[in-house]
Structures are given as structure tokens and as C-alpha cells.
Amino acid sequence: MMGAVIENIIGGYMHPRASVRRIMSGDYGMQEILLLVLLAFVVRQIMVILIPIEVAGAGPAGLGAYIGRLVGALISFGIITALICYIGRVFGGTGDFRQSALVVAWYDVVTSVTSPFVELAARQNLEAIQTLAKNPDVPVAMSDSAAMIALIGGALLLWLYAAFIAELHGFKRTFSVLAALFAIMILPAMLLTPMMMGG
430 MMGAVIENII GGYMHPRASV RRIMSGDYGM QEILLLVLLA FVVRQIMVIL IPIEVAGAGP
490 AGLGAYIGRL VGALISFGII TALICYIGRV FGGTGDFRQS ALVVAWYDVV TSVTSPFVEL
550 AARQNLEAIQ TLAKNPDVPV AMSDSAAMIA LIGGALLLWL YAAFIAELHG FKRTFSVLAA
610 LFAIMILPAM LLTPMMMGG
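Going by our numbering, the sequence shown opens with residue 430, and the numbers climb by one from there.
Laid out in C-alpha cells, this is it:
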């Protein structure tokens with residue numbers, strides 16, 4: 430059974446739209462969907478533990494911290510599901526709320542191993558940029574590997590997101606969804622950049 434799960438997760442990267450069709454063809458209710466969310470959360474926490482603490486920038490977490498993270502993950506899951514469902518339907522998408530929840534949960538499972546590395550690499554780059562912005566005369570060591578992981582990994586995760594959403598809503602072109610995601614992300618990024626730079 431574990432082999433089949435791993436095979437399906439790999440399929441999520443190799444053939445994302447086919448992976449979504451496969452998961453949507455199953456008769457999954459909200460209970461199974463929440464189990465997928467929980468699985469993704471547990472895998473992500475395991476990956477964070479396995480990543481060296483000095484890279485993660487955080488110490489060991491207690492039970493209360495994990496419960497707080499789980500509650501936050503569930504709230505985030507609900508908000509993202511609603512946005513993907515109803516914004517997609519505004520543009521002619523066909524996915525309903527349950528299907529949207531299933532696809533978002535499956536995306537979380539598929540990316541649960543890789544996304545922590547991308548997030549940590551992005552954090553390292555951001556910290557280096559913030560340090561450079563505050564002290565432009567002080568040399569800052571930028572990690573080439575962190576930059577590559579953030580760039581390539583981020584692009585991959587965004588492409589998968591677009592493919593999953595496109596299949597969910599029956600959109601023919603993944604690139605159109607990708608362009609829409611870029612457009613949605615531009616304004617918040619422009620608004621948040623001065624704060625992230627410490628200005």
C-alpha cells in the first residue's frame with residue numbers, strides 16, 4: 430500500500446493533471462480529505478525536524494506549538510480551498526467546494542516533502558537581502574544553492590499548483606492558470622516588499 434501511495438505522489442510531479450483526475454475519480458468525503466490534510470501536516474513536520482536546526486532557524490517545538498501549527502494549517506486550508514473554488518468558478522471553472530478541498534489536500538500531500546526545503550531556502554535568501562538592505566557596506570554571503578533551490582523549487586511548486594487548479598476546474602490550458610496566479614501574486618508582493626526589506 431505504501432508503494433502505491435509513493436507511486437501516486439511521484440505521479441503528482443510527473444503527470445500532475447492525470448494525478449488530479451485519478452484522485453478526483455475516487456469517492457472521497459470530507460473525512461478522507463481531512464485525513465489527507467493531516468498526513469501532509471505530519472510529513473511536513475517530520476521534514477522540518479530532519480532539517481538541521483541551524484538551517485531551520487528554530488528550536489524543538491512542544492505539543493502546544495504543534496497543535497497551534499495544526500490549527501493554523503486547517504484554517505489556511507479552508508481559506509485557500511474557498512478562494513480556489515469560488516475564484517475559479519467566477520472564471521468558468523466547474524470544481525465544487527468538496528472537489529477543491531480534495532485537490533488542495535492532495536497538493537499538500539504531494540508537496541509535503543519538497544516545500545519545506547523551498548521555504549527554508551527562500552527564507553535564507555530573504556534574510557541575506559534584508560541584511561544587505563540594512564547594511565549595504567557589509568559583505569553578505571549569498572548561498573548559490575539556496576538561491577537555486579528557491580528559484581527552481583518555487584517554480585516547480587507554482588507550476589504544480591497551476592496544473593492542479595486547471596484540472597480541478599476543467600481549464601484546458603495550464604499556462605493560463607499560471608499567468609493568473611502570477612497576476613494575483615504581483616500586487617501583494619509589491620505591497621509587502623518594502624516591509625520585508627525592512628523599510
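For each residue, glycine too, the CB sits at the ideal point set by N, CA and C.
This structure is a prediction, so every number in the text was calculated from the model and none was measured.
{"Asked": "Bounding residues of the alpha helix (DSSP H) (the contiguous stretch that carries Leu463)", "Found": "Met459 to Leu479"}
{"Asked": "8 Å CB neighbourhood of Gly440 in its chain, flanking five on each side removed", "Found": "Ala447, Ser448 and Arg451"}
{"Asked": "CA nearest to the CA of Ile581, picked from Phe506, Ala551 and Leu464", "Found": "Ala551"}
{"Asked": "Element boundaries [alpha helix (DSSP H), containing Thr543]", "Found": "Segment: none, Thr543 is in no alpha helix (DSSP H) and carries neither H nor E."}
{"Asked": "Rounded separation between Leu499 and Ile508 - CA only", "Found": "14 Å"}
{"Asked": "Which of helix, strand or coil DSSP assigns to Phe520", "Found": "coil"}
{"Asked": "Proximal residues to Asn554 (C-beta, below 8 Å), its chain only, five neighbours per side dropped", "Found": "Met571, Ser572, Ala575, Ala576 and Ala579"}
{"Asked": "Cut-off 8 Å between Cβ atoms - residues of its own chain near Ala485, not counting five sequence neighbours on either side", "Found": "Because the pLDDT of Ala485 is 45, which lies under 50, any placement of that residue in the model is unreliable, and the number read from its coordinates should be weighed accordingly. Result list for Ala485: Val477 and Leu549, in chain order."}
{"Asked": "Residue environment, Phe604, which counts as buried when at least 16 other CB atoms sit within 10 Å", "Found": "exposed"}
{"Asked": "6 Å Cβ shell around Gly522 - same chain, five flanking residues per side excluded", "Found": "His598"}
{"Asked": "Exposure label - Leu465; buried when at least 16 CB within 10 Å", "Found": "buried"}
{"Asked": "Segment limits, alpha helix (DSSP H) that includes Ile372", "Found": "With the chain covering only 430 through 628, there is no way to say anything about residue 372."}
{"Asked": "DSSP-derived helix/strand/coil call for Gly507", "Found": "helix"}
{"Asked": "Helix, strand or coil at His598 [DSSP, three-state]", "Found": "helix"}
{"Asked": "Distance between Ile504 and Thr543 (C-alpha atoms, nearest Å)", "Found": "22 Å"}
{"Asked": "For Val533 and Ala511, the rounded distance between their alpha carbons", "Found": "10 Å"}
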